[in-house]
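Protein chains: 2
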Amino acid sequence: MTNLLPDWTQFSLKEKIGQMIVVRASGYLFDHQILYPVWEASNPQLSYWLETLNLGGVILLGGSSAELLLRTQQLQQWSKTPLFIAADIEEGVGQRFKGATYFPPPMALGEIAKSDLSLAINYAYQMGEVTAKEALAMGINWILSPIVDVNNNPDNPVINIRAFGDSPEIVSELGKAFIQGAKNYPTLTTAKHFPGHGDTSSDSHLDLPIISHNNERLESLELIPFEGAINAKVDSVMTAHLLINAWDKQNPATLSKTILTGKLRDKLGFDGLIVTDALIMGGVAKFADSEEIAVKAVEAGADILLMPDDPELAINAVYNAVNTGRLNVERIDESLNKIWQAKQKIFNHQNKNISIYQLSQKEDRETVKNILKYSLKTSKNLPLKVTSNKSQRNLIIVDDILNAEFLDRQMPGFTIPNLLGYDLQLVDQNTFHNVLEDNRETLLQIFIRGNPFRGNAGFNETAKSCYHKLLKKSIVKGLIIYGSPYILDWFTTEMNLDIPWVFSYGQMAESQAIACQTLFNLSTAELREMSENLGDIFI
Amino acid sequence: MTNLLPDWTQFSLKEKIGQMIVVRASGYLFDHQILYPVWEASNPQLSYWLETLNLGGVILLGGSSAELLLRTQQLQQWSKTPLFIAADIEEGVGQRFKGATYFPPPMALGEIAKSDLSLAINYAYQMGEVTAKEALAMGINWILSPIVDVNNNPDNPVINIRAFGDSPEIVSELGKAFIQGAKNYPTLTTAKHFPGHGDTSSDSHLDLPIISHNNERLESLELIPFEGAINAKVDSVMTAHLLINAWDKQNPATLSKTILTGKLRDKLGFDGLIVTDALIMGGVAKFADSEEIAVKAVEAGADILLMPDDPELAINAVYNAVNTGRLNVERIDESLNKIWQAKQKIFNHQNKNISIYQLSQKEDRETVKNILKYSLKTSKNLPLKVTSNKSQRNLIIVDDILNAEFLDRQMPGFTIPNLLGYDLQLVDQNTFHNVLEDNRETLLQIFIRGNPFRGNAGFNETAKSCYHKLLKKSIVKGLIIYGSPYILDWFTTEMNLDIPWVFSYGQMAESQAIACQTLFNLSTAELREMSENLGDIFI
């Protein structure tokens, strides 16, 4: 890092407010690679903003680890003040940026914690440490993780397996361990989404969910893991776009002074960065115009406004609110103080030098495999016996065929069944009905998990009716579910329990290898033989 | 480049032979990303080879431009002697490595040349110049292009639209222009595949094709573009795994002294690098064991052995052949001399410094769009009128759903029809039959082109019968074919000519935008309005 942190007290008021803004940008180097043009500014626009608006940071999505390294170097060069560079890396850096270590979703750790809490804590610590190390290697200095929401609603479409589970104590312990692991490197961590997004059945990316629990319940459940994170000295807390009726009937938490200043800052004593969730999200964007949202968030106590609709408008709105006396400049200075504390941790730290070539170390990949193995669920009647002389299919169902990272021809979910004599049939939920007439014996592999913006947990009535039809024909001879334990629950109540099944929390290559190995009871020798053609990714 | 070229005459015999070997490696940084484990060594193996065997170079596949930059830096560090770093970038660097400029296949230029040769020459020059500039930016110093085969066999499964066309004069002119354009940067060019792979109907990746033409025909057709390339001072010529009966009834060209030394070196006077095509390819690998192949190729006159089965075995085999007197050391030294001439061009040149951030410049992307526009073919009866109140589908057929680079949800071939009210239905040739019962009005988009290793030009009898069934139902209201003009030929003889159609040589985003804009006759204003959601990639 060549830029040194300047003295923020020398900034103009607008430059100060600029530091409170984090904008979204593409992780790709070139404008023609932008995947979300509505949210991600072009390079000329972005470099103009960084240079003239003195923005606090960027949040990046898209691109591989190699791209990110080059991209973060470029962005830091464009900016006169060293930037926060944030990313939603909740399942390791590899979840978003290929090449780095891709961990299973947090709920896999929660599963392990049920039988061995200290083992799960150990894994959560390692996950935090590896995530921070790899983030640093590519110039990410702000990890928007861990999620410390308590996912006690199986229909939650947006948190789901992104949470550590449904027990506040387990979520608290694992969240703390993640934060402590990450503290080995000068990167920031984030507990989210305050005061708890686990008990919703709608998606705040689309609408504003309402939480109707009383104060006692919130304090005895939702807040527990946030208190844990604050005790573990988490660097930032992200707000939720939720209406918490017991505390503020008017304003979503993100815009509520009662909640951000009254509860989080004063009552819980959090003295780090308060960052809003993305302000362009439906849950808050529908609430007021974007200028008013920016002012209200600062008024409520937010230090960082994440992804405002237009950063220039947001800065001007907050600037005008100060000039007209609605906000006082001390409120801004308080935030700048906290921002500088965080930036000093990042930039004035004696940096550990991590080479990009050191990502995804063998021991880190072993940790991933161990988490997957310990959190695997299986039926009693394994293995599925292969009858190699029959015509049989490997029916793979994905959520969205245009958006499935694991759809790579080398993936074990394709290659292992293929070597065992299964023909691949790949469909998504929209084309599922097209393959219902096929009566071949079927290995069914389902890759579906709750994802933001879908409005459901990836499992709708049309899909269920297709699964019913398929199960009725008695051709499904084996089942692997990757991702959602809630989908497993549905199957184990609806299907013939003679069907051998395996459930993995992950969807990545290692998940597929472990699940297929388990379903077919393949020995390591057999896998090794297969691997001469397939590489050693899954051994 | 920090390593300086050492004095090769100080090398041991084995070190000299090592310089004659180019091995395949993954363009990705990490072993868990290797896509072709049979061909691509792990990093420990590769770094050992580079350090101890003094290998001449690597050929890279896989990874984005950003990854390539980091990868080539790593590989050069592992090697004591500066490496050739080659890539099969026949359609611009962006064909293989995302982020860089992706040109249409060479036959698009051949199409333009039919009506305006000087315009096509101009584009070929620019394509060579941009390809060399972008290759250099990421550390690639050997472009395995241009293809100067004359594709005069429509059933050619492996050359096809990778060639500039079926006229030796046009191929010659465009090949020369590409080479001259590339000479603006210190990267090597390659004329391939000597003495001409255009008139085959089998794939030398799988088997050894036989060419039965007599000497006069070869000299008056196949050799013309090679003579052109040699006149333009092409740096290297790649051999073909073909049996040329008129010249050598025993040995494939790659292993034939009559052809490599007699014809290419002595008769045509080529004094640059002779490089074999990949020695692991079926066309030559079936001919003898891998040691014998290595020795025969050197004996025949090859300077570089590309992708031998095992580089250590190949070096030892050639070493033993020298020690037993079958080869003399002058044959090796001749090759080292030529290798050093080439490496001096690359490494001792006053390098133009190209930043990775300068890839894919606006003017280069304009050239791509212009080539696509000038080479577009259309029916007379455009546009396809959109009847927005009807249920209609956008049926997209791809060759292999697990291997389609353009399958990105932002691609105009999906997004434009979607905005016009078409539902996406995406299948590959294996699942095509599943959607034949659907009777909705159909926009049919076909993304199929000849590709190596498939054994056919991507258009088999099963697929044809599906297309027949579809056409018979009279539901196809519009057709876009991306890639193969030979598939267009089939459709224009088999289908009702009232169906409006568009043909594009490219398959990338820009092709899709131009083809859809043309089919629906969208104005730039309409496209711009759509682009608020879609980005400006196709404006």
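Those protein sequence lines, which keep their order, are chains A and B.
The C-terminal position of the first sequence is numbered 1476 in the numbering used here, with every residue numbered one higher than the one before it.
The C-terminal position of the second sequence is numbered 1476 in the numbering used here, with every residue numbered one higher than the one before it.
Ideal Cβ positions, reconstructed from N, Cα and C, are used throughout, including at glycine.
Output yes if chain A places a C-beta closer than 7 Å to the C-beta of residue i; else output no.
i	result
Gly1220 of chain B	no
Leu1012 of chain B	no
Val1372 of chain B	yes
Arg1346 of chain B	yes
Leu966 of chain B	yes
Leu1250 of chain B	no
Ser1082 of chain B	no
Ser1297 of chain B	yes
Please report the straight-line C-alpha distance between residue i and residue j, rounded to a whole angstrom.
i	j	result
His1134 of chain B	Ile1107 of chain B	16 Å
Ala962 of chain B	Ser1002 of chain A	19 Å
Trp1079 of chain B	Leu983 of chain A	35 Å
Asn1182 of chain A	Lys1194 of chain A	14 Å
Lys1200 of chain B	Met1075 of chain B	35 Å
Thr937 of chain A	Val1095 of chain A	It is not possible to answer for residue 937 of chain A, since the shown part of chain A is limited to 938 through 1476.
Asn1257 of chain B	Gly1118 of chain B	42 Å
Arg1202 of chain A	Asp1301 of chain B	53 Å
Asp1208 of chain A	Gln970 of chain A	39 Å
Asp1435 of chain A	Leu1007 of chain B	51 Å
Ala1394 of chain A	Arg1154 of chain A	Caution applies to Ala1394 of chain A, whose pLDDT of 48 falls short of 50 and renders its modelled position unreliable; the value that the coordinates give is listed next. Looking at the two C-alpha atoms, the distance is approximately 25 Å.
Ile1161 of chain B	Ser1109 of chain B	7 Å
Ile1230 of chain B	Gly1206 of chain B	25 Å
His1370 of chain B	Ile1418 of chain A	27 Å
Pro1042 of chain A	Leu987 of chain A	34 Å
Glu1228 of chain A	Val1255 of chain A	8 Å
Thr1198 of chain B	Ala1045 of chain B	34 Å
Thr1018 of chain B	Ala1279 of chain B	13 Å
Glu1463 of chain B	Leu1005 of chain B	38 Å
Lys1327 of chain A	Pro1349 of chain A	21 Å
Asn991 of chain A	Gln1010 of chain B	34 Å
Trp1438 of chain A	Pro1422 of chain A	12 Å
Tyr965 of chain A	Leu950 of chain B	46 Å
Is the CB of residue i under 7 Å away from at least one CB in chain B?
i	result
Phe1390 of chain A	Any reading at Phe1390 of chain A must be qualified, since the residue scores a pLDDT of 49, below 50, and its modelled position is unreliable; no value is offered.
Leu1464 of chain A	no
Asn1188 of chain A	no
Gln1444 of chain A	no
Ala1003 of chain A	yes
Leu1339 of chain A	yes
Leu950 of chain A	no
Leu1007 of chain A	yes
Asn1036 of chain A	The question names Asn, but residue 1036 of chain A is Gly in the sequence shown. Taking Cβ atoms only, chain B reaches closer than 7 Å to Gly1036 of chain A, which makes this a yes.
Leu972 of chain A	yes
By the 10 Å Cβ neighbour count, where 16 or more other Cβ atoms means buried, how is residue i classified, buried or exposed?
i	result
Tyr1062 of chain B	buried
Gln1444 of chain A	buried
His1130 of chain A	buried
Pro1132 of chain B	buried
Asp1025 of chain A	buried
Tyr1404 of chain A	buried
Val975 of chain A	exposed
Tyr1039 of chain A	buried
Leu1145 of chain B	buried
Gly994 of chain B	buried
Lys1299 of chain B	exposed
Val1259 of chain B	buried
Run the proximity test for residue i: is its beta-carbon closer than 6 Å to any non-hydrogen atom belonging to the ligand GTP?
i	result
Ser1460 of chain B	The ligand content of the structure shown is nil, which means the ligand GTP is not present either.
Subject >> Stretch-stretch touch, CB-based, cutoff 8 Å, three pairs: the segment 1239 to 1252 of chain A with the segment 1202 to 1221 of chain A >> reply: yes
Original post:
Do the segment 1406 to 1413 of chain B and the segment 1301 to 1314 of chain B make contact, defined as three or more Cβ pairs closer than 8 Å?
Top reply: No contact exists between the segment 1406 to 1413 of chain B and the segment 1301 to 1314 of chain B.
Original post:
Any chance the segment 1020 to 1033 of chain A sits against the segment 1057 to 1072 of chain B, with 3 or more Cβ pairs inside 8 Å?
Top reply: no
**OP:** Check whether the segment 1234 to 1242 of chain B touches the segment 1448 to 1467 of chain A, counting contact only when three or more Cβ pairs, one atom from each stretch, lie closer than 8 Å.
**Re:** no
Subject >> 4 or more residues per run - each alpha helix (DSSP H) lying fully within the segment 1234 to 1297 of chain B >> reply: Counting only runs of 4 or more, we get 1248 to 1260 and 1266 to 1284.
Original post:
On the three-pair Cβ rule with 8 Å, is the segment 1081 to 1097 of chain A touching the segment 1158 to 1174 of chain A?
Top reply: Contact between the segment 1081 to 1097 of chain A and the segment 1158 to 1174 of chain A is present, because at least three Cβ pairs lie under 8 Å.
**OP:** Evaluate the contact criterion for the segment 1358 to 1378 of chain B versus the segment 1316 to 1332 of chain B: three or more CB pairs, one atom per stretch, below 8 Å.
**Re:** yes
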